[in-house]
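Numbering (the numbering used here), first residue to last: 23 to 102.
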């Protein structure tokens, strides 16, 4: 299912990446920075990412959904 796009992310995580930025677009119907499947399941559980997730500027649409979805830091003005 992830043959094309996951290997570069896995390689970066294995190399010690400490941070990942989520984008402002939607992925499978949820904003990327609010996407539990993307940030918690794929990134943290499946790939073993231990670092923090920061939002792209203007990418947070709901504070509660973002925190529950796996976001750690909102950029730049922290509206939520």
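We put the beta carbon where it would ideally sit given N, CA and C, even for glycine.
For residue i, which of the options has the nearest alpha-carbon?
{"i": "residue 43", "options": "77, 86, 98, 89", "result": "77"}
{"i": "residue 38", "options": "89, 54, 74, 94", "result": "74"}
{"i": "residue 56", "options": "87, 26, 35, 34", "result": "87"}
{"i": "residue 95", "options": "45, 63, 34", "result": "45"}
{"i": "residue 53", "options": "29, 85, 26", "result": "85"}
{"i": "residue 40", "options": "66, 51, 99", "result": "66"}
Measuring straight from C-alpha to C-alpha, what distance separates residue i and residue j?
{"i": "residue 90", "j": "residue 60", "result": "12 Å"}
{"i": "residue 92", "j": "residue 48", "result": "15 Å"}
{"i": "residue 51", "j": "residue 58", "result": "12 Å"}
According to DSSP, is residue i helix, strand or coil?
{"i": "residue 77", "result": "strand"}
Query - Cβ contact (3+ pairs, closer than 8 Å) linking the region 62 to 70 and the region 78 to 85 - result: no
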